[in-house]
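Each step along the sequence shown adds one to the number in our numbering, with nothing skipped, and position 16 is 327.
Every residue, glycine too, gets a C-beta built ideally from N, C-alpha and C.
Below is one structure; the comments refer to it alone.
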Amino acid sequence: EDTFTNGLAKWSVELESGGTVTAANGALDVDVPNGVTIWLKQRVEDPIVIQFEATAVSAGGPNDHVTDLNMFWNARDTRSPADLFATKRSGAFGDYDFLKTYYVGFGANLDTTTRMRRYVGEDGNRPLLFDLTAPLLVANRAYRVKLVADGSKVQYWSDEQLLFDYVDAAPYTDGWFAFRTAGSHLRFSDFSIRRPL
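Rendered as C-alpha cells:
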C-alpha cells in the first residue's frame with residue numbers, strides 16, 4: 312500500500328516530456344502535458360485486488376483537461392519479461408505496445424471513450440475487449456477504482472459498479488501495475504493491493 316506521504320520511493324516514473332509527478336500529503340499528483348506511466352516497482356502475483364481513489368482535476372491549470380484515467384496491470388514487457396525495468400520506455404503511448412498486460416482507459420481520448428484492452432506484446436496491436444461510450448470522467452469527482460486479477464477472472468470496478476468482467480482463457484497471472492495518463496491532471500490516494508477476501 313501507499314499513503315503518498317513519503318515521496319516516490321515505491322514508484323518508477325516514465326515521463327514523455329515535462330510535467331510533474333509528486334507524492335506528498337496523502338496524494339499522488341500527476342500534472343503532465345503529454346504521456347506518463349508510473350509503475351509500482353514491486354511485482355505482484357495473482358490473486359490480487361488493486362484499489363485506489365482517483366480524481367481528474369479541473370481547476371484552471373494548463374493540463375486540467377479531464378481525460379485519461381488509465382492503468383496497466385499484470386504487465387510484462389516482452390523485451391525483458393523477467394524484469395520490466397530492464398527495458399527503457401519513453402512515456403510515449405506507442406512505446407507500451409510490447410507489453411503483455413491488461414489495460415483500461417477510463418474517459419480516454421479527451422473523455423470520449425472508456426475501454427478495456429488485453430495487450431499481446433506486438434507493435435501496433437492492442438486488442439480491444441470492451442468499448443463503452445459511458446461512463447466517462449466527471450471533473451473533480453473522486454472515483455473508487457478496483458481492479459481484480461484472480462486466475463481467469465479479470466475485472467474493473469468503478470464506485471462499486473462492475474464495468475468490465477472478462478474471462479481470460481490464457482490469463483496474465485503476475486506482473487507490474489502502473490497508472491497511465493496523457494495531457495491531464497490526475498490525483499490518486501489510498502492505494503492498496505490485497506488478496507481477495
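Contact belief for residue i with residue j at Cβ below 8 Å, rounded distance in angstroms
i, j, result
"residue 380", "residue 418", "6 Å"
"residue 487", "residue 351", "6 Å"
"residue 385", "residue 412", "6 Å"
"residue 406", "residue 433", "About 13 Å; that fails the 8 Å criterion."
"residue 383", "residue 500", "Not quite, the Cβ-Cβ distance comes to about 19 Å (not below 8 Å), so this is no contact."
"residue 442", "residue 423", "Contact flag wrong, Cβ pair sits at about 11 Å."
Chain-order list of residues whose beta-carbon lies under 6 Å from that of residue i (same chain, five-residue window excluded)
i, result
"residue 331", "342"
"residue 498", "338, 340, 366, 368"
"residue 359", "460, 504"
"residue 318", "334"
"residue 353", "none"
"residue 376", "494, 495"
"residue 404", "346"
Residues that DSSP places opposite residue i in a beta bridge
i, result
"residue 464", "461, 478"
"residue 355", "486"
"residue 254", "This structure does not reach residue 254, given that the chain is present from 312 up to 508, and the question cannot be answered."
Close Cβ partners of residue i (< 8 Å) along its chain, the five nearest in sequence each way excluded
i, result
"residue 348", "324, 325, 383, 400, 402, 407, 489, 490, 491"
**OP:** Could you say if the stretch 330–346 and the stretch 418–431 meet the contact criterion of at least three C-beta pairs nearer than 8 Å?
**Re:** no
Original post:
Which residue spans inside the stretch 385–455 form an unbroken beta strand (DSSP E) run of at least 3?
Top reply: 410–418, 424–431, 439–443
**OP:** Decide if the stretch 452–459 is in contact with the stretch 395–408; the criterion is three or more beta carbon pairs, one per stretch, under 8 Å apart.
**Re:** no
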